[in-house]
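**Student:** This is the structure I have questions about; it appears just below.
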Amino acid sequence: MQFMNFPRHRDVAESVTFADFCEACWRSGSAFPWAVTDRVTGQFMGALELRLKPPRADLGYILGERFWGQGFAGEAASAVVAWAIAQPGIFRVWATCHPENVASAAVLRRAGLTYEATLANWDARPQLGEAAGPNDCYALTKSPGTEEITPPP
Ligand SMILES: CC(C)(COP(=O)(O)OP(=O)(O)OC[C@H]1O[C@@H](n2cnc3c(N)ncnc32)[C@H](O)[C@@H]1OP(=O)(O)O)[C@@H](O)C(=O)NCCC(=O)NCCS
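Residues 42 to 194, numbered by this note's numbering, are exactly what the sequence shown covers, in order.
Written as structure tokens, this is what we have:
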């Protein structure tokens with residue numbers, strides 16, 4: 042489908058630059074990107090990234106097309122979402138997807154998120170010639186309850 046036509050790396054140099062960028066994200070704490078690999082063969086299949094911005098966290102993911110439909114994204118997203126929502130100070134885990142991206146919506150539902158709203162003009166989609174298009178927002182929340190709040194430094 043056209044909306045899944047995400048830009049691809051054109052050569053190894055581009056992939057190395059991306060890997061360096063991921064490493065820098067871990068070092069700075071700005072984001073936590075993981076490689077999604079096959080448990081048995083170790084084959085690299087794609088990436089999943091979590092961004093912690095207390096009190097919320099959001100995620101995004103992409104797999105190589107030949108790995109779709111085998112439960113890999115659902116398994117990876119479920120593990121990361123379960124970890125994120127269990128962290129003290131995180132009360133919302135959220136993500137958005139194109140309203141017609143049924144596979145991505147199913148990944149989010151499988152990870153425990155539910156549909157909240159359609160956000161107008163959320164994403165620029167140059168591949169569709171759209172300056173701004175809508176996204177569906179999904180979230181998993183927990184009650185802040187009586188958890189002690191640590192003020193930011
Ligand atoms: C979205 C994406 C990560 C899904 O990965 P995947 O490994 O194929 O997903 P899974 O096999 O784990 O499937 C998870 C759920 O989606 C459902 N699903 C997968 N492909 C589907 C499709 N084409 N149509 C409908 N449902 C689909 C599965 O049945 C499963 O549902 P279940 O948990 O209720 O059984 C993958 O298609 C992809 O990388 N797409 C391009 C990038 C992208 O869209 N990223 C998300 C941006 S918001």
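The beta-carbon is built from N, C-alpha and C at its ideal position, and this holds for glycine as well. This structure is a prediction, so every number in the text was calculated from the model and none was measured.
Confirm, please, whether the CB-CB distance from L160 to N176 is below 8 Å.
**Tutor:** yes
**Student:** Taking 7 Å as the limit, name every residue whose beta carbon sits nearer than that to some heavy atom of ligand 1, in sequence order.
**Tutor:** M45, F47, G87, G101, Y102, I103, L104, F108, W109, G110, Q111, G112, F113, A114, G115, E116, A136, T137, C138, H139, N142, V143, A144, S145, A147, V148, R150, R151
**Student:** Would you call R68 buried or exposed, if buried means 16 or more other Cβ atoms sit within 10 Å of its Cβ?
**Tutor:** R68 counts as exposed, since fewer than 16 other beta carbons sit within 10 angstroms of its beta carbon.
**Student:** Given that a residue counts as buried once 16 or more other Cβ atoms are within 10 Å of its Cβ, and exposed if not, what is R133?
**Tutor:** buried
**Student:** Determine whether the beta carbon atoms of I126 and P96 lie at a separation below 8 Å.
**Tutor:** no
**Student:** Per DSSP, what kind of secondary structure is E171 in: helix, strand or coil?
**Tutor:** strand
**Student:** Look up W163 in the DSSP assignment and say whether it is helix, strand or coil.
**Tutor:** strand
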